[in-house]
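Letter by letter, the sequence shown follows residues 12 to 895 in our numbering.
A virtual CB, placed ideally from N, CA and C, is assigned to each residue, including glycine.
Below is one structure; the comments refer to it alone.
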Amino acid sequence: MQTQDNLNEKQLQINYYKNMEFFKSLNPKFFHALSKAPTLYNLHIDSYGYNVIHIPTQTMQYPLIKSTNDKNAPTHKTSMQDTHKELAKNPMKNPQWELFSNHVLTPNAHFINEEKLNITGKLCNDLLRESVKMGVESMACHVECSKTSQSLESTPLESNANFQSYCNEKQDSILKSKICHIERSEISNKTLKQNLDSIKMHPKPCTHQDLVENLESKTTTCHTKPLGEVSNMKSNKDISCLHTRTSEDFTHTCKNDNTQNLNLAKDSKTTQQDSIQTQSNLTLYENLIESFCNSKFLPQTNIYGLMGGMFLQELLEKDYHFYSLMIYEEHIDLFRISLYFIDYDRLFQHVGKNSCFIIIKDISFELVSAFLHAKKLTNNFLSLSLTHYTTDNVALLKDFIYKEKKAIMRGWGSFEDELIGLKNACLNLADSRLLSMRPKRVNAPICVIGNGASLDLCIDFLKAYKDSMILLSCGTALKVLRHHGIRPDFQLEIERVPYLAEVLQEANLGDIPLIFAQTTDTKACNLAKEKYGFLRGGSSSAYLDSTYIPLEFSAPFVGNAGVSIASLLGSDVILCGIDCGYIDGYSKHAKHSFYGDENTEIPKDCFQVESNKNLRVFSNDLFYLSAKNIEEAIKLYKPNSVINLGYGMRFQHTIALNEDDFTLKPIDKERELKHFKENFTPYKLMLNTKEMLDSLTAFSNALEDILTQDTHTIQDIFNLTQDIFNLLQKSIDNKAMRKSIILLEGSIMHLSYTHLLAQLFAGTTKNLDSTTNCHFERSEKSSIETKKDISCLRTQYNKNLESIKFAPQSPAYTQVAEHLDSNNYTENTHLIKLKTLYSQGLFSLISSSKKAMESEITCCIGCSKTFHAESKRDVSPFFKEPTR
């Protein structure tokens with residue numbers, strides 16, 4: 012396909028024909044829609060050039076600008092081509108593109124508290140610490156190399172001491188000169204070393220209030236100044252003057268999960284170490300951005316309106332590739348115009364497999380969600396977007412994607428938490444009453460009571476109708492109900508925290524029957540005089556007995572489990588205090604709860620959501636995930652109706668009512684409570700530890716095959732991360748492997764995400780094509796030997812499981828790292844080192860899981876009989892019985 016400058020009408024027709032043939036084979040239904048004559052927009056060609064015409068009003072969408080061509084040419088031309096040429100400049104540095112990050116792009120924001128997650132935290136933090144050292148050192152060396160390449164070539168790389176000293180001398184000037192908004196101070200090489208050492212010695216997350224959250228660099232400015240004004244286009248209206256903005260009207264905006272935007276300038280109390288830390292963060296951020304710039308590989312990209320799409324074709328001509336791409340066009344006429352300019356066959360080849368998503372007008376939010384979830388780690392880490400126009404649909408889609416990306420990055424869990432839950436499950440299910448495989452609905456509404464602020468506004472309703480419904484108290488709502496003299500019929504708990512028993516004692520559990528998830532803290536369960544269990548879906552222990560089906564969508568909060576149980580067993584469901592957010596002017600929780608007095612301030616990481624009533628409501632990523640699971644639970648279990656009395660977030664599939672909008676009929680509550688309890692039948696856990704160990708071995712072997720693949724570029728790193736995510740999902744889909752792999756899933760997700768960040772912070776891929784490299788000489792060592800090194804690493808783990816330590820200084824890591832240095836890889840040495848450290852972490856997690864299976868879990872069930880072969884039962888659906 013020819014470039015935009017020399018396209019003529021004949022070539023445009025050829026382009027259009029080829030694209031129509033492409034879509035005819037790809038999607039016949041879409042082809043048929045494209046075959047219809049335009050009614051609203053069309054391509055217009057005249058002596059001024061190309062333009063987009065609004066057919067009903069005959070107005071042009073691109074204004075005329077003065078022409079700088081020869082005297083014989085028209086004095087003016089359309090701005091369409093010039094506008095698209097500007098858009099086709101490097102998107103990672105182009106101020107007209109918006110860069111979105113789901114988290115703050117500094118290493119310190121990603122450190123994990125090792126006191127809470129001692130294994131996962133250590134593995135992830137080791138990667139980050141190593142990347143910080145690599146990133147700062149490589150930046151110092153790279154800048155000096157570009158300035159004095161000839162003198163550097165004469166410096167012998169074999170002389171490590173001289174070379175290291177040479178690089179260290181340059182770090183001071185680089186760290187001082189790259190920053191313009193920080194108070195200058197003398198930074199010595201010794202101080203820099205102390206700073207790096209302190210990062211290594213302090214594993215806890217950095218919570219310094221002045222930590223930079225939006226970083227300015229020479230190439231990219233990041234702040235929250237909005238894009239220039241755009242027209243609010245409706246599908247039947249003109250969008251003229253849309254492209255009259257100049258480049259000065261735009262600012263490259265980098266958004267992340269915190270709404271506060273801190274200027275880099277520090278007050279007089281700024282310490283020398285703070286200054287070094289901030290400057291190091293800027294260097295690492297530059298490494299991340301440059302990694303994409305130099306590779307012409309773009310992260311997940313969203314384009315809202317092509318307006319002809321010339322810029323996209325030019326990006327293809329420049330050999331840009333997209334990890335995944337979503338295109339939204341308000342009207343099919345607008346998309347049809349792009350067929351004249353974009354080679355769609357080539358575009359699909361330049362986008363990851365099954366990762367090009369085109370939406371015309373009507374939005375299926377389920378499909379958008381599936382698109383983002385398909386690559387949970389890599390699609391939601393960093394993304395680019397370009398907005399040509401704003402409509403109601405565009406605003407809705409952008410808002411949905413923002414919230415969806417936030418929710419996707421939460422609820423991963425960790426090995427440590429899963430292991431605690433697994434131990435609790437082995438004890439709780441040794442001899443219990445478990446939710447039946449054939450539950451029957453009770454002929455009564457179930458009221459799910461959460462500890463949201465709006466519970467205070469539902470107290471009168473609960474008192475008035477407590478005998479006409481089954482009251483299900485969730486978590487810390489119990490103390491509030493007790494304070495108001497309301498005794499719930501059941502108390503529901505899912506938490507595995509060790510202090511849960513104290514909370515229940517303080518709330519006066521008394522003789523209230525307890526409904527518990529299998530993962531719940533055993534001490535808390537033992538407090539109950541009467542208790543009933545259920546398998547909380549999503550946790551590894553929920554699949555210990557493959558003949559039982561767990562209760563789905565019962566996390567992340569106890570209120571989610573309440574809604575799932577009520578939707579499954581109740582004729583109808585009533586929600587009280589299930590807010591999933593912060594109500595403007597109210598505290599987070601109800602009064603008189605376990606949390607005491609709380610302020611009414613809305614946290615800065617929140618976003619506004621649709622309210623169930625007339626009050627403003629703000630949610631965050633975890634609350635939003637909870638709300639989505641509530642909606643999915645209702646959709647799955649299908650109660651007759653769900654009434655939401657709360658003032659929090661609005662949920663799909665529910666009816667927003669006030670307490671005086673309806674009345675409840677009397678019920679035989681004693682009989683219905685008896686029927687409710689009959690849904691829980693005697694159960695004894697049967698654990699197949701051999702099958703779990705075999706599953707871990709099979710997973711380890713599959714993991715090795717992925718890790719031994721070549722990794723040279725940033726695209727390879729993205730693909731490696733996705734391959735491991737795909738392996739996780741494939742293994743979890745296997746019923747026999749599910750319980751073992753979910754045990755590892757959360758920590759592998761955290762470790763894989765951290766590895767992706769670490770490679771970018773260290774800048775391991777940004778200078779691979781450089782002829783001068785500070786760290787190693789290029790040689791002819793084959794990738795086959797690289798595979799052997801990582802394979803040897805795993806072999807060493809299998810032989811020395813007891814001696815492997817979770818540290819980058821472990822014998823396995825040190826041996827491979829030294830081997831890499833001594834043999835001068837053709838790949839970037841830092842990339843291999845980080846990948847090796849990542850590989851070690853993955854196999855260490857598997858090793859820890861096997862040890863838990865062989866010792867701790869067996870010990871937990873030692874008091875009951877352990878079966879090494881599962882019993883065979885007929886698997887029945889959750890329920891087929893009619894409502895009583």
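Chain C within 9 Å of Asp57, Cβ atoms only: Absent from the structure: chain C. Only one protein chain is present.
Close-in-space but distant-in-sequence residues of the same chain around Leu482 (CB under 6 Å, 5 per side omitted): Closer than 6 Å at Cβ, skipping near neighbours: Cys458, Pro499 and Asp500.
Host beta strand (DSSP E) of Thr902 (start-end): Because the chain here runs from 12 to 895, residue 902 falls outside it and cannot be looked at.
Per-residue DSSP class, three states only, for Ala385: When DSSP states are grouped into helix, strand and coil, Ala385 belongs to the coil group.
Opening and closing residue of the alpha helix (DSSP H) in which Glu109 lies: Glu109 -> not in any alpha helix (DSSP H); beta strand (DSSP E) instead, spanning Glu109 to Ser112.
In chain order, each beta strand (DSSP E) run of at least 3 residues that lies wholly inside the segment 383 to 430: As far as the segment 383 to 430 is concerned, its whole beta strand (DSSP E) runs of at least 3 residues are 393 to 398.
Close-in-space but distant-in-sequence residues of the same chain around Phe472 (CB under 6 Å, 5 per side omitted): Taken in chain order, the residues that qualify are Glu670.
Counted within 10 angstroms of its Cβ, other Cβ atoms place Phe376 as buried (16 or more) or exposed: Result: exposed.
Minimum C-alpha distance to Ser706 - residue among His841, Val143, Met864 and Val653: It is Met864.
Limits of the unbroken alpha helix (DSSP H) element including Ala528: From DSSP, Ala528 is part of no alpha helix (DSSP H) but of the beta strand (DSSP E) over Leu525 to Ala528.
The beta strand (DSSP E) enclosing Val620, as first and last residue numbers: Phe618 to Val620 is the span of the beta strand (DSSP E), which, as asked, contains Val620.
Contact between the segment 689 to 707 and the segment 443 to 452 (3+ Cβ pairs under 8 Å): Segments in contact, yes.
Assigned exposure category for Tyr28 - 16 Cβ within 10 Å defines buried: Taking every protein chain shown into account, the CB of Tyr28 has fewer than 16 other CB atoms within 10 angstroms, so this residue is exposed.
Same chain only: Cβ atoms within 7 Å of Phe41, ignoring 5 sequence neighbours per side: Hits under 7 Å: Phe34.
Cβ neighbour criterion (16 or more within 10 Å) applied to Ser465: Taking a 10 Å sphere around the C-beta of Ser465, we find 16 or more other C-beta atoms and assign the residue as buried.
Three-state secondary structure assigned by DSSP to Asn200: Annotation note: pLDDT 34 at Asn200 (below 50); position unreliable, no value reported.
Rounded separation between Asp442 and Val379 - CA only: Each residue's alpha carbon lies about 44 Å from the other.
Sufficient close CB pairs (3 or more, under 8 Å) joining the segment 388 to 405 to the segment 51 to 63: At 8 Å Cβ cutoff, the stretches do not touch.
Minimum C-alpha distance to Ala539 - residue among Leu515, Phe618 and Arg547: Its Cα nearest to that of Ala539, the residue Leu515 stands out among Leu515, Phe618 and Arg547.
Beta-carbon proximity check, Phe629 vs Ile645, cutoff 9 Å: Cβ distance not < 9 Å, so Phe629 and Ile645 don't count as in contact.
Assigned exposure category for Glu141 - 16 Cβ within 10 Å defines buried: Using a 10 angstroms sphere on the CB of Glu141, the tally of other CB atoms reaches 16 or more, which defines it as buried.
DSSP three-state assignment for Gln92, whether helix, strand or coil: Three-state result, Gln92: helix.
Sub-9 Å separation of Ala773 and Met145 beta-carbons: The answer is yes: Cβ separation under 9 Å.
Buried/exposed call for Val508, threshold 16 Cβ in 10 Å: Classification of Val508: exposed, given that the 10 Å Cβ count is below 16.
Run of the alpha helix (DSSP H) containing Cys536, from where it starts to where it stops: Cys536: member of the alpha helix (DSSP H) spanning Thr533 to Leu538, first to last residue.
Proximity below 9 Å, CB of Lys534 to CB of Leu520: It is not a contact, given that the beta carbons lie outside the stated cut-off.
Of the listed residues Lys542, Ala572, Asn537 and Tyr543, nearest to Ser550 (C-alpha basis): For Ser550, the closest C-alpha among the options Lys542, Ala572, Asn537 and Tyr543 is that of Ala572.
Close Cβ partners of Lys746 (< 8 Å) along its chain, the five nearest in sequence each way excluded: Taken in chain order, the residues that qualify are Tyr554 and Ser557.
Cβ pair Glu541, Asp522 closer than 9 Å: Yes. Within cutoff.
Residues bridged to Gly596 (per DSSP): Per DSSP, none; premise fails for Gly596.
Per-residue DSSP class, three states only, for Leu238: Reliability fails at Leu238, whose pLDDT of 27 lies under 50, so the model's placement of it is uncertain and no value is given.
Bridge partner(s) assigned by DSSP for Ala713: Assignment of beta-bridge partners to Ala713 by DSSP yields no partner.
Backbone CA spacing between Thr708 and Ile759 [nearest angstrom]: Whole-angstrom Cα-Cα distance: 16 Å.
The segment 599 to 618 contacting the segment 681 to 688, beta-carbon criterion three pairs below 8 Å: Three or more Cβ pairs closer than 8 Å define a contact, and the segment 599 to 618 falls short of that threshold against the segment 681 to 688.
Where Phe501 sits in the DSSP three-state scheme: Here DSSP, grouped into helix, strand and coil, assigns Phe501 to strand.
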